[in-house]
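Protein chains in written order, with this note's numbering: chain A, 33 to 152; chain C, 33 to 152.
Idealized CB from N, CA, C, for every residue including glycine.
In what follows, a single structure is set out as structure tokens and then discussed.
Number of protein chains: 2
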Amino acid sequence: MDPVLVYSPYASDCPSRQLLDRIGDRWTVLIIGSLEEGPLRFSELRRRVEGISQKMLTQTLRSLETDGLVTRTVFAEIPPRVQYELSPLGRSLLEPLGALTRWATEHMDEVRAARGTLAS
Amino acid sequence: MDPVLVYSPYASDCPSRQLLDRIGDRWTVLIIGSLEEGPLRFSELRRRVEGISQKMLTQTLRSLETDGLVTRTVFAEIPPRVQYELSPLGRSLLEPLGALTRWATEHMDEVRAARGTLAS
DNA sequence: CAGCATCCTGGATGATACTG
DNA sequence: CAGTATCATCCAGGATGCTG
Chain A
33 MDPVLVYSPY
43 ASDCPSRQLL
53 DRIGDRWTVL
63 IIGSLEEGPL
73 RFSELRRRVE
83 GISQKMLTQT
93 LRSLETDGLV
103 TRTVFAEIPP
113 RVQYELSPLG
123 RSLLEPLGAL
133 TRWATEHMDE
143 VRAARGTLAS
Chain C
33 MDPVLVYSPY
43 ASDCPSRQLL
53 DRIGDRWTVL
63 IIGSLEEGPL
73 RFSELRRRVE
83 GISQKMLTQT
93 LRSLETDGLV
103 TRTVFAEIPP
113 RVQYELSPLG
123 RSLLEPLGAL
133 TRWATEHMDE
143 VRAARGTLAS
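Quick look at the structure:
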């Protein structure tokens, strides 16, 4: 058996810690979520994820690709069309991430209240 | 009714986007998780979350406090003792965050395989 | 023990210009 | 359209030293 059976993000040298970092990444959550309902092309993603720069979109997509969460398909057309789609592994991330965004939206008011930034 | 009924993290100017940023934060996940089984003092937290600097621990705890996720109790003793505990709101975050860390550990091997970093 | 203040650096991110 | 390349910036985060 492999000596490393258990991953613990609390250990600084555990790979799962890096993975958690990547997931927690500002853009990853939003990109994965955008792809939930089906494949999208580059420009469509850019529009969905407001405020992301072209560079960060490319970069994050590349990471997601190497991690096996997203597949990238290039169509030999003019003008070029590139399609991004969640892999099965990527799909499996939808549930935990969805739970997170749901929490964020559902409890936003409580947090704002705690901050004192909840306008009357 | 409030004009802002729905929060969407996909909108760059939505407060829930910031909240998601904070939650996804590298240390927040680990700190909240550490407090799951009960209150801890500063030094205990420092030991649990491997690799965190004193500065980041303090800073993150302060943020969690202002956001109403964690309570901070100072005991008037010598030497000083400070206790951190999850608030009910913070507790409600345990489930979604737990799902996330669980995903990270459960699918680590698949990601490593995709990366090609899975040693034979 | 639990912190605050200060300095400092790398890497994350953005802006801009160019291309197959 | 979907990038790449380059430069510029900013700040998260570490290191260190001091304190109630």
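So with CB distances below 7 angstroms, who are the chain C contacts of I55 of chain A?
Stepping through the first sequence from its first residue, residue 55 of chain A is reached at position 23. Here the neighbours are L132 and A136.
Please identify the residue among C:L118, C:R147 and C:K87 whose C-alpha is closest to the C-alpha of T98 of chain C.
Position 66 of the second sequence, counted from the start, is the residue given in the question as residue 98 of chain C. Nearest option by C-alpha distance: C:L118.
Measuring CA to CA, which of A:G70, A:S124, A:A131 and A:R58 is closest to E82 of chain A?
One-based indexing of the first sequence puts residue 82 of chain A at position 50. Nearest of A:G70, A:S124, A:A131 and A:R58 to E82 of chain A, Cα basis: A:R58.
Proximal residues to G65 of chain A (C-beta, below 8 angstroms), its chain only, five neighbours per side dropped
Taking the first sequence and counting its residues from 1, one reaches residue 65 of chain A at position 33. Same-chain partners within the cutoff: L126, L129, G130 and T133.
List the residues that DSSP assigns as beta-bridge partners of E117 of chain A.
The sequence position of residue 117 of chain A within the first sequence is 85, counting from 1. Per DSSP, A:T103.
Members of the region 84-118 of chain C that neighbour chain A once the beta carbon cut-off is set at 7 angstroms
T98, D99 and G100
Hey, out of C:Q115, C:W135 and C:A145, whose CA is closest to D53 of chain A's CA?
Position 21 of the first sequence, counting from 1, holds the residue named residue 53 of chain A. Selected option, being the one with the closest Cα: C:W135.
Once the 5 residues before and after L77 of chain A are set aside, which same chain residues still bring their CB inside 7 angstroms of it?
Walking along the first sequence from the start, residue 77 of chain A turns up at place 45. Once the five neighbours on either side are set aside, the close Cβ partners of L77 of chain A are I63, S66, L89 and Y116.
Tell me whether the beta-carbon of S124 of chain C lies closer than 8 angstroms to the beta-carbon of T137 of chain A.
For the purposes of this step, residue 124 of chain C is taken as the residue at position 92 of the second sequence. For the purposes of this step, residue 137 of chain A is taken as the residue at position 105 of the first sequence. No, these two residues do not count as a Cβ contact at 8 angstroms.
Three-state secondary structure (DSSP) at R94 of chain A?
In the first sequence, counting from the first residue as 1, residue 94 of chain A sits at position 62. Looking at R94 of chain A - three-state DSSP - the assignment turns out to be helix.
Can the beta-carbon of Y42 of chain A be found less than 8 angstroms from the beta-carbon of R80 of chain C?
As a first step, residue 42 of chain A must be located in the first sequence, where it is residue number 10. As a first step, residue 80 of chain C must be located in the second sequence, where it is residue number 48. Going by C-beta atoms, Y42 of chain A is nearer than 8 angstroms to R80 of chain C.
Anticipated Cβ contact below 8 angstroms, L101 of chain C with L72 of chain C, distance rounded:
Locating residue 101 of chain C in the second sequence gives position 69, where the first residue counts as 1. Locating residue 72 of chain C in the second sequence gives position 40, where the first residue counts as 1. Going by Cβ atoms, the distance from L101 of chain C to L72 of chain C rounds to 14 angstroms, so no, they are not a contact pair.
The alpha helix (DSSP H) spanning R78 of chain A covers which residue range?
Position 46 of the first sequence holds residue 78 of chain A. Here the alpha helix (DSSP H) through R78 of chain A covers F74 to R80.
Who are the neighbours of L126 of chain C on chain A, taking C-beta pairs under 7 angstroms?
One-based indexing of the second sequence puts residue 126 of chain C at position 94. None at all; the shortest Cβ gap to chain A is about 10 angstroms.
For a quick check, are the C-beta atoms of V13 of chain A and T103 of chain A less than 8 angstroms apart?
A query on residue 13 of chain A cannot be resolved here, the shown segment of chain A reaching from 33 to 152 and no further.
Are there 16 or more other CB atoms within 10 angstroms of the CB of I110 of chain C, so buried, or fewer, so exposed?
The residue labelled residue 110 of chain C in the question sits at position 78 within the second sequence. Label assigned to I110 of chain C: exposed.
With DSSP run on the structure shown, which of helix, strand or coil describes S66 of chain C?
Here the question's residue 66 of chain C lines up with position 34 in the second sequence. Reduced to three states, the DSSP call for S66 of chain C is helix.
Can the beta-carbon of M140 of chain A be found closer than 8 angstroms to that of L96 of chain C?
Within the first sequence, the letter at position 108 stands for residue 140 of chain A. Within the second sequence, the letter at position 64 stands for residue 96 of chain C. No, they are not a contact pair.
Measure from the alpha carbon of T60 of chain A to the alpha carbon of each residue in A:D45, A:C46 and A:Q91, then state which is nearest.
Position 28 of the first sequence, counting from 1, holds the residue named residue 60 of chain A. Ranking the options by Cα distance to T60 of chain A, first place goes to A:Q91.
Backbone secondary structure at L129 of chain C - three-state DSSP
Position 97 of the second sequence holds residue 129 of chain C. In this structure, L129 of chain C counts as helix in the three-state DSSP scheme.
Which word fits G70 of chain C, buried or exposed, when buried means at least 16 other C-beta atoms lie within 10 angstroms of its C-beta?
What you label residue 70 of chain C is simply residue 38 of the second sequence in a count that begins at 1. Classification of G70 of chain C: exposed, given that the 10 Å Cβ count is below 16.
Given that a residue counts as buried once 16 or more other Cβ atoms are within 10 Å of its Cβ, and exposed if not, what is G56 of chain A?
Position 24 of the first sequence, counted from the first residue, corresponds to residue 56 of chain A. Burial call: buried.
Opening and closing residue of the alpha helix (DSSP H) in which S48 of chain C lies:
For this step, residue 48 of chain C is matched to residue 16 along the second sequence. Start and end: P47 to G56.
By Cβ distance, which residues of its chain are closer than 6 angstroms to F107 of chain A, with the 5 residues on each side in sequence left out?
The residue you call residue 107 of chain A lines up with position 75 of the first sequence. R113.
Endpoints, alpha helix (DSSP H) assigned at V143 of chain A:
The residue labelled residue 143 of chain A in the question sits at position 111 within the first sequence. First-last of the alpha helix (DSSP H) with V143 of chain A: M140 to R147.
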